[in-house]
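Just below is one structure, and these are the notes that go with it.
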Amino acid sequence: MLPNEVLRQLLPLFGLGIAYYVLGVVRQYFRLRQFKGPPTSGWSWWWHSRAVLSGASHRWYSEATESYGPIARVAPNLLVTSDADVWARVTSVRSQYTRAPWYYHAARFETGKDNVFTECDNGRHDARRKKMASAYAGKENPGLEASIDRHVKELVQLIGRKYAAPADSTKSNKPMDLATKIQFFTLDVISDIGTGHAFGDLQADSDVHSYIASSELGLRISNQAYGLGTSWLSEIPILGKAISPSEKDASGFGRMMHEVRKTVSSRITRSTSEKSDMVASFIRHGVSGDDLFQEVFEQILAGSDTTAAAIRITLLYVMSHPRVYKKLQAEIDSVVKEGRVEDVVSDVEARRLPYLAAVVREGMRIHPPVVNLFARVVPKDGDVVKLSTGEEVFIPGETMIGYAGWSMHRHNRAVYGDDTDVFRPERWIVDQSKEVEKERLVRMTRVNDLVFGQGRWGCLGKVVALTEMHKVIFELLRHFELGISRPAEPWKVWESLGLWDIKEFWVDVVERE
Numbered sequence: 001m002l003p004n005e006v007l008r009q010l011l012p013l014f015g016l017g018i019a020y021y022v023l024g025v026v027r028q029y030f031r032l033r034q035f036k037g038p039p040t041s042g043w044s045w046w047w048h049s050r051a052v053l054s055g056a057s058h059r060w061y062s063e064a065t066e067s068y069g070p071i072a073r074v075a076p077n078l079l080v081t082s083d084a085d086v087w088a089r090v091t092s093v094r095s096q097y098t099r100a101p102w103y104y105h106a107a108r109f110e111t112g113k114d115n116v117f118t119e120c121d122n123g124r125h126d127a128r129r130k131k132m133a134s135a136y137a138g139k140e141n142p143g144l145e146a147s148i149d150r151h152v153k154e155l156v157q158l159i160g161r162k163y164a165a166p167a168d169s170t171k172s173n174k175p176m177d178l179a180t181k182i183q184f185f186t187l188d189v190i191s192d193i194g195t196g197h198a199f200g201d202l203q204a205d206s207d208v209h210s211y212i213a214s215s216e217l218g219l220r221i222s223n224q225a226y227g228l229g230t231s232w233l234s235e236i237p238i239l240g241k242a243i244s245p246s247e248k249d250a251s252g253f254g255r256m257m258h259e260v261r262k263t264v265s266s267r268i269t270r271s272t273s274e275k276s277d278m279v280a281s282f283i284r285h286g287v288s289g290d291d292l293f294q295e296v297f298e299q300i301l302a303g304s305d306t307t308a309a310a311i312r313i314t315l316l317y318v319m320s321h322p323r324v325y326k327k328l329q330a331e332i333d334s335v336v337k338e339g340r341v342e343d344v345v346s347d348v349e350a351r352r353l354p355y356l357a358a359v360v361r362e363g364m365r366i367h368p369p370v371v372n373l374f375a376r377v378v379p380k381d382g383d384v385v386k387l388s389t390g391e392e393v394f395i396p397g398e399t400m401i402g403y404a405g406w407s408m409h410r411h412n413r414a415v416y417g418d419d420t421d422v423f424r425p426e427r428w429i430v431d432q433s434k435e436v437e438k439e440r441l442v443r444m445t446r447v448n449d450l451v452f453g454q455g456r457w458g459c460l461g462k463v464v465a466l467t468e469m470h471k472v473i474f475e476l477l478r479h480f481e482l483g484i485s486r487p488a489e490p491w492k493v494w495e496s497l498g499l500w501d502i503k504e505f506w507v508d509v510v511e512r513e
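According to the UniProt record's numbering, the stretch in the sequence shown is residues 1 to 513, in order.
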């Protein structure tokens with residue numbers, strides 16, 4: 001058969017294929033036509049790809065919800081919401097929504113292998129989470145707080161030894177990258193309480209296992225694949241293995257996986273009663289084999305990055321606002337003078353300080369430490385959601401909907417007041433004798449808690465993260481005067497898959513008398 005004849009016979013098939021594709025696009029467009037969004041978002045994923053590849057997708061989602069409504073369309077089958085009531089329903093304990101594989105599988109480290117964050121089946125996720133809950137709650141690790149205290153002291157000692165200028169001297173200090181030091185701290189904490197052996201970054205004052213560099217590279221690569229829509233290639237059996245991270249890699253997630261594998265292998269051979277830490281608890285509750293490796297790897301990456309971001313963010317805003325800095329430091333000094341703190345402030349004592357608690361809350365509000373999309377899939381029959389205004393909206397089944405955290409917290413005037421762009425911890429301190437004020441605080445707290453998620457998808461590491469935050473902020477302001485070295489550009493920041501890559505956060509440090 002001649003080539004021209006073959007072409008003539010294939011043309012109708014090509015035509016049918018194109019027609020089928022066009023009809024699918026048109027059907028998808030009209031299925032969600034009630035939801036407004038940026039130009040082309042109803043027909044193409046181009047707008048969303050640009051948002052992700054910009055390294056600032058949180059701002060793009062925020063602008064979309066502020067321009068087009070609390071539920072905005074940002075891709076043919078993807079909505080984002082800044083409405084706290086809607087997101088609370090989506091993520092409630094009895095929610096029938098499921099995680100969207102399109103988003104969560106893009107966050108997998110290895111082809112076809114899940115951890116508690118990437119598991120999209122509700123039943124399997126719940127069973128997995130149940131096995132890990134005791135470890136994260138500290139119920140089986142009585143030395144958890146003591147481990148955190150040890151690394152808080154190492155952080156203070158490192159800064160005092162190498163970077164702080166004496167209080168009574170004209171000697172200049174050595175500028176310090178606070179972003180790196182905080183990351184050293186959170187990595188040492190999570191590796192210690194997680195596996196029983198700290199990486200030792202604070203003692204060495206270096207990225208001992210290259211985790212920080214490898215994590216940055218790995219997240220950038222994953223974010224690019226997710227933004228370009230090529231993450232699905234890693235699910236193809238042979239191709240996926242070839243393009244996915246390998247433990248033989250010299251950098252990126254592969255390098256991290258190699259180090260974690262060694263740690264997990266060494267722990268499996270030890271009795272779980274020999275040392276009580278998270279890995280021991282996981283093993284006792286039935287997490288084993290490759291599942292154990294996946295959970296420990298996720299724990300180290302997510303547990304250090306998110307907490308480090310929260311501490312850095314809060315300290316930046318405190319240092320940027322002298323009034324807040326002085327007020328917080330005065331509260332800390334008063335507690336120390338009263339003899340309520342000896343070595344490192346206890347978690348119980350730190351949580352009793354109203355202004356410190358307000359500062360922590362306000363830091364997480366004005367610049368959420370995690371801005372993941374957290375995409376969910378609407379139940380097959382669709383769902384009617386009620387907006388904060390009382391209006392009811394129907395979302396068709398199998399639509400994906402995500403979280404626009406930046407606008408939900410930083411720009412939510414209905415919940416936080418008209419001055420949401422202002423870092424003002426006092427908004428969290430209300431007159432408890434006034435019922436209206438108490439109700440406002442309850443509402444703000446409920447919305448702010450969504451930073452950690454809720455229900456079956458709530459952050460397992462919330463208790464540990466808040467303990468680290470309160471202790472570090474207290475002890476740094478107790479021992480040092482901190483100042484931003486480069487106010488015009490205090491840090492460099494990039495967002496990958498909703499996690500912050502913060503670097504070059506240079507500060508000047510002086511010891512306090």
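Even for Gly, the Cβ is constructed at its ideal location relative to N, Cα and C. Quantities reported herein were computed from a predicted structural model and do not represent experimental measurements.
In this structure, Tyr103 lies away from Tyr211, with their beta-carbon atoms at least 9 Å apart.
Taking 9 Å as the cut-off, the Cβ atoms of His321 and Arg365 do not count as close. For Gly254, the CB contacts under 7 Å within the same chain, skipping 5 residues up- and downstream, are Pro245, Ser246, Glu247 and Lys248 in chain order. The alpha carbon of Trp45 has as its nearest neighbour, out of Leu79, Ser95 and Glu66, the alpha carbon of Leu79. Judged by pairs of C-beta atoms under 8 Å, the region 297-315 does not touch the region 324-340, as fewer than three such pairs exist. Val287 sits away from Arg73, with the two beta carbons spaced by 9 Å or more. Excluding the 5 residues flanking it on each side, Pro368 has same chain C-beta neighbours closer than 6 Å at Gly405, His409 and Val451, in chain order. Assignment of Leu79 by DSSP, reduced to helix, strand and coil, places it in the strand class. Here the alpha carbon of Gly42 sits roughly 8 Å from the alpha carbon of Phe30. For Leu482, the enclosing beta strand (DSSP E) begins and ends at Phe480 to Ile484. C-alpha of Leu499 to C-alpha of His209: approximately 20 Å in a straight line. Sixteen is the threshold: since fewer than 16 other Cβ atoms of the shown chains lie within 10 Å of the Cβ of Val422, the residue is exposed. Separation of the CB atoms of Asp83 and Leu387 is rounded to 5 Å, and the pair is thereby assigned contact status at 8 Å. For Val507, the enclosing beta strand (DSSP E) covers residues Trp506 to Glu511. Each residue's CA atom was taken as its position, placing Lys174 and Ser485 some 11 Å apart. Between Ala107 and Ser222 a beta carbon distance of about 7 Å is seen, short of the 8 Å cut, so the two are scored as contacting.
A distance below 7 Å between beta-carbons, with the five flanking residues on each side excluded, links Met257 to the following residues of its chain, in chain order: Phe109, Pro245, Glu247 and Phe297.
According to the DSSP assignment, Leu187 belongs to the alpha helix (DSSP H) that extends over Leu178 to Thr195. In summary, Ser191 is buried, with 16 or more beta-carbon neighbours lying within 10 Å of its beta-carbon over all protein chains present. Assignment of beta-bridge partners to Lys386 by DSSP yields Glu392. Bounds of any beta strand (DSSP E) do not take in Lys131; it lies within the alpha helix (DSSP H) bounded by Asn122 to Ala137. The beta-carbon separation of Val318 and Tyr325, rounded to 5 Å, stays under the 8 Å limit for a contact. Taking each of Val116, Gln183 and Ile332 in turn and checking the Cα distance to Asp201, the smallest one comes out for Gln183. Pairing Asp333 with Gly55, the inter-Cα distance amounts to about 39 Å.
About 15 Å separates the Cβ atoms of Asp126 and Arg376, ruling out a contact at the 8 Å cut-off. By the neighbour-count definition (other C-beta atoms within 10 Å, threshold 16), Gly218 is a buried residue. Less than 9 Å separates the beta-carbon of Arg312 from that of Ile502. When the beta-carbon positions are compared, Trp494 and Ala179 stay at least 9 Å from each other. Short of 6 Å from the beta carbon of Lys131, and not among the five residues preceding or following it, lie these beta carbons of its own chain, in chain order: His285, Gly286 and Val287.
Burial of Glu259 is indicated by the presence of at least 16 other C-beta atoms within 10 angstroms of its C-beta.
One thing to note: Val442 has its Cβ no nearer than 9 Å to the Cβ of Tyr416. For Ile148, the enclosing alpha helix (DSSP H) has its first and last residue at Leu144 to Lys162.
Boundaries of the alpha helix (DSSP H) around Asp85: Ala84 to Val90.
With a threshold of 16 other beta carbon atoms within 10 Å, Leu477 meets it and is buried. Pairwise C-beta distances place the region 426-434 out of contact with the region 392-401, as fewer than three of them are shorter than 8 Å. Separation of His197 and Ser266 (C-alpha to C-alpha, rounded to the nearest whole angstrom) is 11 Å.
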